[in-house]
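Notes for the one structure printed next.
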Amino acid sequence: MRRQASQLVKGLWEQIMTLSDSDIIKLIQETQVFHDAAKIGNVEFLTLLTHSYPDLIWKVDSNKYSVFHVAVINRQEKVFSLIYHIGAVKDLITLNIDNKGNNILHLAGKLTPPSRLNIVSGAALQMQRELLWFKEVEKIVPYSVLNVKNRDDQTPRELFSKEHKKLRKDGEEWMKETATSCMVPQL
1 MRRQASQLVK
11 GLWEQIMTLS
21 DSDIIKLIQE
31 TQVFHDAAKI
41 GNVEFLTLLT
51 HSYPDLIWKV
61 DSNKYSVFHV
71 AVINRQEKVF
81 SLIYHIGAVK
91 DLITLNIDNK
101 GNNILHLAGK
111 LTPPSRLNIV
121 SGAALQMQRE
131 LLWFKEVEKI
141 VPYSVLNVKN
151 RDDQTPRELF
161 SKEHKKLRKD
171 GEEWMKETAT
181 SCMVPQL
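Mapped onto full-length UniProt numbering, the consecutive letters of the sequence shown carry residue numbers 1 to 187.
Okay, structure coming up:
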């Protein structure tokens, strides 16, 4: 099924490639297909488009999100990993600020949507996954933006702490309950 979908996309793309460059760019921008592909993690489609039109990585949506910002928000690890293949350009893209003054690390500090959070069960494991994601994004941002505040006067770490406060508390409870249930009573 996946192979058929891939062939369909390639066939459609071949048809689209018969249009003029300006019509293709207009089509991609108006439909938000590039950003939608990042949101759902369609790496093959993004790769296909960026090979034909490398400048697409600079395009931002109405929130001023690049495809990498969308990938960070939606925890699309495979899409995000494409950032390592664009060289020094990544430094410029990571400096991009959205409409609320958030950089890409602020976006990593936001709590993931429930559909992605529930991939792992247990609040402690979810919190661990969120922290690992934040740390991964932190690796690619320039040092100069680590403590930049957004319009709500929060650094990325402060935003992470605020957004994950309940998850952290639930994780601590989950660990206590797990530890208690694992204890062997002495006779």
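For glycine and all other residues, C-beta sits at the position ideal for the given N, C-alpha and C.
Whole-angstrom distance between residue j and residue i, CA atom to CA atom
i: F68; j: T180; result: 42 angstroms
i: A123; j: N42; result: 28 angstroms
i: D170; j: K176; result: 10 angstroms
i: L146; j: L19; result: 43 angstroms
i: S121; j: D21; result: 46 angstroms
i: I140; j: K90; result: 8 angstroms
i: Y84; j: R168; result: 30 angstroms
i: E30; j: P113; result: 25 angstroms
i: P54; j: Y143; result: 27 angstroms
i: V148; j: L12; result: 43 angstroms
i: S62; j: T178; result: 44 angstroms
i: E172; j: C182; result: 15 angstroms
i: H51; j: F134; result: 28 angstroms
i: T47; j: E138; result: 24 angstroms
i: A38; j: G101; result: 21 angstroms
i: E14; j: Q7; result: 10 angstroms
i: L132; j: E77; result: 11 angstroms
i: W174; j: R75; result: 23 angstroms
i: R151; j: R3; result: 45 angstroms
i: L111; j: I119; result: 14 angstroms
i: L49; j: S81; result: 16 angstroms
Beta-carbon gap between residue i and residue j smaller than 8 angstroms
i: F34; j: V9; result: no
i: G87; j: L159; result: no
i: L107; j: I57; result: no
i: I16; j: L27; result: yes
For residue j and residue i, believed in contact at Cβ under 8 angstroms, the rounded distance
i: L117; j: Q128; result: Not really, about 12 angstroms apart at Cβ, beyond 8 angstroms.
i: residue 188; j: L105; result: A question about residue 188 goes unanswered here, because the residues of the chain that appear run from 1 up to 187.
i: S66; j: I93; result: 5 angstroms
i: K162; j: Q154; result: 7 angstroms
i: E130; j: H164; result: 6 angstroms
i: N99; j: K64; result: 6 angstroms
i: V60; j: A71; result: Incorrect: roughly 13 angstroms between the Cβ atoms, too far for contact.
Alpha helix (DSSP H) segment containing residue i, residue limits
i: A123; result: A123 to I140
i: D36; result: V33 to I40
i: V79; result: E77 to S81
i: S62; result: Unbroken run through S62: none, as it is neither H nor E.
i: G171; result: K165 to C182
i: K149; result: Run containing K149: none; DSSP gives neither H nor E here.
i: P114; result: P114 to L117
i: V89; result: V89 to T94
i: V120; result: It is not in any alpha helix (DSSP H) - V120 carries neither H nor E in the DSSP assignment.
i: L111; result: Careful: L111 lies outside any alpha helix (DSSP H) and carries neither H nor E.
i: H51; result: V43 to S52
i: H69; result: V67 to I73
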